[in-house]
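Novice: Below you will find the structure I want to go over with you.
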Amino acid sequence: MADQVRVRYAPSPTGEPHVGNMRTALFTWLFARNMGGIFILRIEDTDQSRKVEGVIEQFLDALRWLGMDWDEGPEVGGDHGPYIQSQRLAGYHQAADELLEAGEAYRCYCTIERLAEMRQEQNRLNRQTGYDRRCRHLSSQERRGREAERGEWVVRFAMPLEGTTRVTDLIRGEVSFENRLIDDFVILKSDGFPTYHLAVVVDDHKMEISHVLRAEEWLPSTPRHLLICRALGWEPPKFAHLPMILAPDRSKLSKRHGATSVLEYRQMGYLPNAMVNFLALMGWSLDDKTDLFSTGDLVRHFSIERVGRSGAVFNLDKLNWLNGHYTRQLTPEELTDRLLDYWRRYLPEEVPALPDGAYLLRIVPLIHERLKTLKDAAPLVAFFFKQEAQYESQELVQKGMDAEGTRLALSGALESLSGVKAFDADAIEAVLRPLAEDLGVKVGQLFGSLRIATTGLRVSPPLFETLEVLGKERSLAAVRDALARL
RNA sequence: GCCCCUAUCGUCUAGUGGACCAGGACAGCGGCCUUUCAAGCCGCAAACACGGAUUCGAAUUCCGUUGGGGGCACCA
Numbered sequence: 016m017a018d019q020v021r022v023r024y025a026p027s028p029t030g031e032p033h034v035g036n037m038r039t040a041l042f043t044w045l046f047a048r049n050m051g052g053i054f055i056l057r058i059e060d061t062d063q064s065r066k067v068e069g070v071i072e073q074f075l076d077a078l079r080w081l082g083m084d085w086d087e088g089p090e091v092g093g094d095h096g097p098y099i100q101s102q103r104l105a106g107y108h109q110a111a112d113e114l115l116e117a118g119e120a121y122r123c124y125c126t127i128e129r130l131a132e133m134r135q136e137q138n139r140l141n142r143q144t145g146y147d148r149r150c151r152h153l154s155s156q157e158r159r160g161r162e163a164e165r166g167e168w169v170v171r172f173a174m175p176l177e178g179t180t181r182v183t184d185l186i187r188g189e190v191s192f193e194n195r196l197i198d199d200f201v202i203l204k205s206d207g208f209p210t211y212h213l214a215v216v217v218d219d220h221k222m223e224i225s226h227v228l229r230a231e232e233w234l235p236s237t238p239r240h241l242l243i244c245r246a247l248g249w250e251p252p253k254f255a256h257l258p259m260i261l262a263p264d265r266s267k268l269s270k271r272h273g274a275t276s277v278l279e280y281r282q283m284g285y286l287p288n289a290m291v292n293f294l295a296l297m298g299w300s301l302d303d304k305t306d307l308f309s310t311g312d313l314v315r316h317f318s319i320e321r322v323g324r325s326g327a328v329f330n331l332d333k334l335n336w337l338n339g340h341y342t343r344q345l346t347p348e349e350l351t352d353r354l355l356d357y358w359r360r361y362l363p364e365e366v367p368a369l370p371d372g373a374y375l376l377r378i379v380p381l382i383h384e385r386l387k388t389l390k391d392a393a394p395l396v397a398f399f400f401k402q403e404a405q406y407e408s409q410e411l412v413q414k415g416m417d418a419e420g421t422r423l424a425l426s427g428a429l430e431s432l433s434g435v436k437a438f439d440a441d442a443i444e445a446v447l448r449p450l451a452e453d454l455g456v457k458v459g460q461l462f463g464s465l466r467i468a469t470t471g472l473r474v475s476p477p478l479f480e481t482l483e484v485l486g487k488e489r490s491l492a493a494v495r496d497a498l499a500r501l
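Numbers in my numbering are just positions in the first sequence, counted from 1, shifted up by 15.
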């Protein structure tokens with residue numbers, strides 16, 4: 016039990032579940048599953064002012080979409096609950112009181128205004144910013160005075176004034192920080208809520224967390240967490256700070272770089288297993304040749320030792336390739352179901368209504384290997400669901416042809432196709448190819464005109480199969496219509 | 001300004017002192033296939049940031065420089 020791996024993913028409901036967050040969640044989950052450990056979900060909602068409604072649900076939704084299940088946390092419970100920090104206030108107060116008692120923390124009565132002024136001044140003088148410890152050595156009489164006067168205060172951790180704190184990071188090795196360069200940070204806010212620094216330490220301890228996997232941006236505050244742990248007499252968890260996910264310009268990934276929420280990728284038609292595979296490759300690798308991993312493969316092979324140390328640029332090209340790969344991997348039935356599910360959720364404007372599954376299943380093989388995302392399907396298949404093909408009449412005339420030649424070609428096609436009994440791709444091809452030769456036109460020219468006439472598209476699924484699915488009647492009607500337009 | 005992390009093809013990366021005139025993947029380019037577009041196959045181009053040091057030998061170790069990133073809130 017003592018060496019049971021217990022890890023947590025602890026999102027803060029202040030923004031969307033963006034790809035960086037989810038990569039952290041994924042690595043944490045993979046580590047838990049690989050080690051046969053417990054994966055805990057904890058909501059860190061200690062900032063009342065920045066809380067955004069509905070975001071917790073988005074995180075749960077995103078986790079589920081990517082196939083990550085949690086053993087303890089919201090909706091599933093567990094022995095270490097509640098799993099929402101705003102419901103665990105008593106524990107933080109108790110820890111703060113203990114620190115106060117032991118002289119490891121103190122009440123600070125400085126106003127926000129004074130703090131802001133102080134910071135501004137420090138910046139102006141190009142000096143190191145940080146709390147000036149004005150309230151650290153107040154006499155008890157002074158404290159009584161301030162308390163009567165202000166009525167509220169924060170609790171600050173009393174940093175050791177000297178010495179160094181060493182962090183042992185599973186990814187980066189030993190990292191040292193000089194205590195004197197860290198200020199007396201707030202652990203309990205005046206609204207009675209803890210800051211992240213206190214809450215994370217208290218909860219990781221109470222939830223018996225063995226390893227903390229989090230983004231690299233937390234590395235500089237790790238000595239604070241270690242020091243709080245030490246002051247409370249607790250054994251700290253092991254730490255692993257994951258490399259950041261960067262935008263193409265190598266800055267921190269943000270909204271201005273496009274989609275950042277993984278849910279937006281679902282909306283854009285990406286498959287969850289492609290997203291998981293992609294995210295896993297952002298900062299982790301197995302060897303020098305493997306880049307296709309199922310979730311099961313990842314669980315089997317994941318290890319912190321193989322996590323990289325430098326930031327990784329979010330590479331949409333690779334995601335697209337992976338998505339195309341996994342899409343092609345689907346059976347036609349599976350892809351049909353995915354498409355139907357996708358359209359049920361986000362009906363594209365090209366498609367008038369959710370199509371019949373059996374009919375869609377006949378269409379799917381024609382577009383299967385042409386899709387990078389589910390979103391690509393609609394424009395490619397929309398004509399199947401419309402009464403007539405939509406195009407500009409002059410598009411019928413192919414390069415190197417004139418209107419008269421096109422008319423001849425199309426009426427020839429009309430005649431040939433009329434004679435086809437079993438209207439399938441092979442039979443259609445069997446009459447159309449010789450026709451091109453008889454007409455003395457290139458197959459590309461004949462087929463191009465027919466493609467426009469029947470689909471309205473310059474780029475379409477393969478012609479013969481398309482005609483087969485369209486059926487003889489609709490195909491002939493389309494050619495007649497084209498003839499009329501010439 | 002101070003602190004911390006980091007540095008291999010455009011991108012994701014393999015590489016833990018000799019097996020590396022550096023391997024894979026995506027993207028790019030060329031070709032094949034081909035009714036369009038894809039897919040597929042074959043091929044090409046493309047990197048150890050720089051400078052010192054250690055060593056018989058360095059992409060790999062150390063130091064420095066430079067670049068990039070992160071942190072320095074009553075935000076997480």
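Glycine is no exception: its CB is placed at the ideal position from the N, C-alpha and C atoms.
Does the beta-carbon of H152 have 16 or more other beta-carbons within 10 angstroms, so that it is buried, or is it exposed?
Specialist: Exposed, because fewer than 16 other Cβ atoms sit within 10 Å of the Cβ of H152.
Novice: Would you please state the rounded distance, in angstroms, between the beta carbons of V484 and L381? I believe it to be under 8 Å.
Specialist: Indeed, because the Cβ distance is near 7 Å, the residues count as touching under 8 Å.
Novice: Which residue wins for smallest C-alpha separation from A424, given the options K436, I443, V456, V446?
Specialist: Selected option, being the one with the closest Cα: V456.
Novice: Does the structure place the segment 238–254 close enough to the segment 180–188 that three or more beta carbon pairs sit under 8 Å?
Specialist: Result yes; three or more Cβ-Cβ pairs closer than 8 Å.
Novice: Buried or exposed: P449, going by 16 or more other Cβ atoms within 10 Å of its Cβ?
Specialist: It counts as exposed.
Novice: Out of L498, G207, C125, point me to the one whose CA is closest to E164's CA.
Specialist: Of the listed residues, the one whose Cα sits closest to E164 is C125.
Novice: Output the boundary residues of the beta strand (DSSP E) element that contains F54.
Specialist: Looking at the DSSP string, the run of the beta strand (DSSP E) that includes F54 is 53–56.
Novice: Which residues mark the beginning and the end of the alpha helix (DSSP H) in which V277 is found?
Specialist: Start and end: 277–282.
Novice: Helix, strand or coil: which one does DSSP assign to L261?
Specialist: Strand at L261.
Novice: Rounding to the nearest angstrom, what Cα-Cα distance links Q102 and M83 in this structure?
Specialist: C-alpha separation (whole angstroms): 24 Å.
Novice: Buried or exposed for P367, please, with buried defined as at least 16 other CB atoms from any protein chain shown within 10 angstroms of its CB.
Specialist: The residue is exposed, with fewer than 16 neighbouring Cβ atoms inside 10 Å.
Novice: Please state if the CB of Q143 and the CB of Q137 are separated by a distance shorter than 8 Å.
Specialist: Yes. Within cutoff.
Novice: Which residues bound the beta strand (DSSP E) around I202?
Specialist: 201–203 is the span of the beta strand (DSSP E), which, as asked, contains I202.
Novice: Could you check what DSSP says for F172 in three-state terms: helix, strand or coil?
Specialist: Correct three-state label for F172: strand.
Novice: Do the segment 301–319 and the segment 49–56 make contact, defined as three or more Cβ pairs closer than 8 Å?
Specialist: The segment 301–319, when compared against the segment 49–56, does touch it at the 8 Å Cβ threshold.
Novice: Go ahead and pull the three-state DSSP assignment for Y357.
Specialist: Of the three classes helix, strand and coil, the one that applies to Y357 here is helix, per DSSP.
Novice: With a threshold of 8 Å, are at least 3 pairs of Cβ atoms found where one atom belongs to the segment 376–393 and the other to the segment 421–439?
Specialist: No, the segment 376–393 is not in contact with the segment 421–439.
Novice: Can you grab the Cα-Cα spacing for the pair R343 / L362, in whole Å?
Specialist: Cα to Cα, R343 sits roughly 22 Å from L362.
Novice: Based on the DSSP secondary-structure assignment, which residues constitute the bridge partners of T183?
Specialist: Looking at the DSSP assignment, T183 forms a beta bridge with E189.
Novice: On the criterion of 16 or more Cβ atoms from any shown chain inside 10 Å, does D219 qualify as buried, or is it exposed?
Specialist: That one is buried.
Novice: Can you name the start and end residues of the alpha helix (DSSP H) that Y107 belongs to?
Specialist: Where Y107 is concerned, the enclosing alpha helix (DSSP H) stretches over 104–116.
Novice: Could you tell me which whole alpha helix (DSSP H) segments of length 4 or greater appear in the segment 306–354?
Specialist: Runs found: 310–316, 331–344.
Novice: Can you give, in chain order, each stretch of the alpha helix (DSSP H) that sits fully within the segment 24–72 and has at least 4 residues?
Specialist: Qualifying alpha helix (DSSP H) stretches, in chain order: 34–50.
Novice: According to the neighbour-count rule (16 or more other Cβ atoms, all chains shown, within 10 Å of its Cβ), is D199 buried or exposed?
Specialist: D199 is buried by the Cβ-count criterion.
Novice: Are the CB atoms of L41 and L294 within a distance shorter than 8 Å?
Specialist: Taking 8 Å as the Cβ cut-off, L294 and L41 qualify as a contacting pair.
Novice: With distances taken between CB atoms, is the gap from A497 to A451 smaller than 8 Å?
Specialist: Cβ distance not < 8 Å, so A497 and A451 don't count as in contact.
Novice: Three Cβ pairs or more, each shorter than 8 Å: is that satisfied between the segment 69–76 and the segment 171–178?
Specialist: No, they do not touch.
Novice: When burial is assigned at 16 or more other CB atoms within 10 Å of the CB, is M16 buried or exposed?
Specialist: Low local confidence applies: a pLDDT of 46 at M16 is under 50, so the model's placement there is unreliable, and no value is given.
Novice: Expressed to the nearest angstrom, what Euclidean distance is found between the alpha-carbon atoms of R281 and G145?
Specialist: Their Cα atoms are separated by approximately 42 Å.
Novice: By the three-class DSSP mapping on this structure, what secondary structure does I99 have?
Specialist: Reduced to three states, the DSSP call for I99 is strand.
Novice: How would you write the range of the alpha helix (DSSP H) that C3 sits in, first residue to last?
Specialist: Since the first and last residues shown for the chain are 16 and 501, residue 3 lies out of range.
Novice: DSSP state of W85, grouped into three classes?
Specialist: It is coil, neither helix nor strand.
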